[in-house]
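What follows is a set of notes on a single structure, which appears directly below.
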Amino acid sequence: MFARWHLVLVASVGAAWVAQKVIKLIIVRRWFKNLPQPPGHNFLSGHLAAMTEASQAFPPGTHPQYFYTYLAHKYKLPGIFYIDLWPLAVPQIVITDPDIAMQVLTVNPFPKHPQIEVFLRPFTGKGSIAASNGDRWKYNHRMVGGGFTASHIKSMITMISEEGFTFHNRFKEMAERGDAIALEEETSKAIFDVVGKIVFGFSLEAQKTGSPLLEDLRATIDPATAVLSSFNPIARYKSWRKLRGIRKRVHDSLSAEIRKRGAIMKDEKELPSRRKAKSIMDRIILDRMQDEPNAPLNQAFLDDVITNLKALLLGGHGTTTSTFTFAVMFLSLHPDILARLRQEHDEIFDPDFETTIEIINSDPSRTNKLDLTNAVIKETLRFYPIGFTIRSAPTGVKFIEHNGNKWPVAHGAMVIPSAHSTQMDASLWKDPNCFRPDRFLGEEGASQHRFAWRPFERGPRACIAQDLAMDELRVMLLLVVRWFDFELVNETQNKKPRVEFMDLDERIGDLAFQVVGMEAKPNKAMRFRVRPSGRS
């Protein structure tokens, strides 16, 4: 008798569970009815077929921002459209219209979606500035934001040029040997030393002697990505174990550095003001000493600091490194633009390398006159935006509104203002498939839609290090491109473009597509041969 009732109970619970899921399925699928969306919305699978089609159009590992651009172009979708992948994912609301995007970025800024925390935690730990919201974000922003003000960064151009000097000399050695190099990896060392000076107040010497911290931080990327994306539980476990060991080394290294600096500052008779602190770490410790003079640097405080420092060190060097790599790639494919860039550098600075360094150090604001250089960087970032944001509607907000139109927002939905899709939109950009820096110059540049270019995003949650990134890129290009020629050595041309909205893969194959890392980044297979350009 007991066994029979037990079976009846189990069957009843099972039937109730199935009924609940069926009802949920009906509710979810009906919610999408009459909303702008890709074709083929299926009662059982939603838009799984459309997203599978989009992902299969690209090489494995391609960053998902391409999928949204693919769907928007192929199906001529409007400036906001919906994707239903339930129960695999919450509803996705993709925004490609820049004016609608501004509603969730600046007019009524939506907070970061919890999925950002899920994605970043394997890289940085819990609660970083890039993933947090509300009071936690304000706390994080006060902790690290002051080190990235425009005025503070501009005062550090001399320091950037110091690392640029070493960067130039390293390329000189590689060019003399005729090396084929992984440019992204080599560039990361220079940028990491710059970011290290801003964060710690001293160079981490990644260029000269190698930095174990840089090696460990970069080593987190592959296992962290595997933990997030692999469907193989054994592979995920192995990646998690590897990641755990690396993260412990990084944590211990940063913790020791913070404690050491804290002890030194505690013994100093006169502490600098917050504004005059020479590094982000000094500013953080100074705040702590002023708020709680006798309190030790306990573990909870150290964990918060380390999480944010990892976010800065990883994100701060990765974004600039990737953009520099793509910029050099474009210049190697467009010798006419490279010739004009070299001429601009000669005219505004000097044909001589040593004199160029002297001018940077004595007149750092002169880098602001590098209009074509700036345009090359902006056009590179238009093609290859590095950042990618996902937002969530604030409590009580049921609609996104603009110009009298209202689009519903489901609870927990991922709101995706897709900068890549906007920046490849032919209704906003002339010849978006062409690398044409002049679109950012003169009358054409002045007439561009002011929200169409958003590689750093906009609003209060825009990238705090964007001014640093732009200055780094200007200085590094200034100190490299006149003296060295770069040739992409391992491209395999595709016979026809994979997609309609870009055809760069006809020239460089699958290297044309960004892959998933902590940010959208170059394919690791991208290598360049470096040769002297003929200048002394």
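The sequence shown begins at -14 in my numbering and counts up by one. Where is the CB? At the ideal position from N, CA and C, for every residue including glycine. Small disclaimer: the values here were computed from a predicted structure and weren't measured.
With 16 or more other CB atoms across the displayed protein chains lying within 10 angstroms of its CB, Thr374 is buried. Rounded to the nearest angstrom, the gap between the Cα atoms of Glu277 and Met250 is 14 Å. For the options Glu485, Leu413 and Val466, the alpha carbon positioned closest to that of Gly64 is the one of Leu413. Per DSSP, Lys245 is not a residue of any beta strand (DSSP E); the alpha helix (DSSP H) it occupies stretches across Pro218 to Asp252.
Secondary structure note for Tyr67: its beta strand (DSSP E) is the uninterrupted segment Ile65 to Ile68. Boundaries of the alpha helix (DSSP H) around Asn293: Gln284 to Leu318.
Under the three-state reduction of DSSP output, His32 falls in the coil class, being neither helix nor strand. Spatial neighbours of His236 in its own chain (CB-CB distance under 7 Å, excluding positions within 5 residues in sequence) are listed in chain order as Ile291. At the C-beta level, Thr205 and Phe108 come within 8 Å of one another. Counting of Cβ neighbours within 10 angstroms places Arg467 among the buried residues, the total reaching 16 or more. Closest option to Leu366, judged by alpha-carbon separation, among His137, Glu504 and Gly130: Glu504.
When secondary structure is reduced to three states using DSSP, Met487 falls in the coil class, being assigned neither helix nor strand. With distances taken between CA atoms, Asp207 lies nearest to Arg221 out of Gly195, Val103, Ala378 and Arg221.
At the C-beta level, Arg446 and His98 stay beyond 8 Å of one another. Under the three-pair Cβ rule at 8 Å, the stretch 442 to 457 does not count as touching the stretch 488 to 507. In terms of Cβ geometry, Val400 and Ala378 form a close pair [threshold 8 Å]. Between the stretch 192 to 205 and the stretch 145 to 163 there are three or more C-beta pairs closer than 8 Å, enough to call the two in contact. One thing to note: Gln50 has its Cβ no nearer than 8 Å to the Cβ of Ser307.
At a cut-off of 4 residues, the continuous stretches assigned as alpha helix (DSSP H) that sit fully inside the stretch 154 to 209 are 168 to 185 and 197 to 204.
Taking C-beta atoms under 8 Å as the contact rule, Phe486 and His58 qualify, at a distance of about 4 Å. Contact between Ala398 and Val75 is confirmed by a C-beta separation of about 6 Å, below the 8 Å threshold.
Non-local beta-carbon contacts of Phe43 in its own chain, meaning distances under 7 Å to residues more than five positions away in sequence, involve Tyr51, Arg483 and Phe498 in chain order.
With fewer than 16 neighbouring CB atoms inside 10 Å of its own CB, Glu200 falls in the exposed class. In the same chain as Thr305, and ignoring 5 residues on each side of it, the C-beta atoms closer than 7 Å to its own belong to Ile176, Ala454, Glu457 and Leu458, in chain order. Bridge pairing for His387: Asn390 [DSSP]. Residue pairing of Phe513 in beta bridges, as defined by DSSP: Ile166 and Leu473. Between Thr358 and Leu323, the beta carbon gap of about 11 Å keeps them out of contact (Cβ cut-off 8 Å). With a threshold of 16 other beta carbon atoms within 10 Å, Asp289 meets it and is buried. Boundaries of the alpha helix (DSSP H) around Met266: Ile265 to Asp276.
Leaving aside the five residues that flank Leu282 on each side, the residues in its chain whose CB is nearer than 8 Å to its CB run, in chain order, Ile243, Arg244, Gly247, Ile270 and Arg273. Counting along the chain, the unbroken alpha helix (DSSP H) around Val129 starts and ends at Gly119 to Val129.
The continuous beta strand (DSSP E) containing Ile78 extends over residues Gln77 to Ile80. A direct Cα-Cα distance of roughly 21 Å separates Asp423 from Met461. Considered as a whole, the stretch 393 to 475 harbours 399 to 402 and 469 to 473 as its complete beta strand (DSSP E) runs of no fewer than 3 residues, in chain order. By the Cβ neighbour-count rule, Glu169 is buried, with 16 or more other Cβ atoms within 10 Å of its own. Around the CB of Asp416, fewer than 16 other CB atoms lie within 10 Å, so the residue is classed as exposed.
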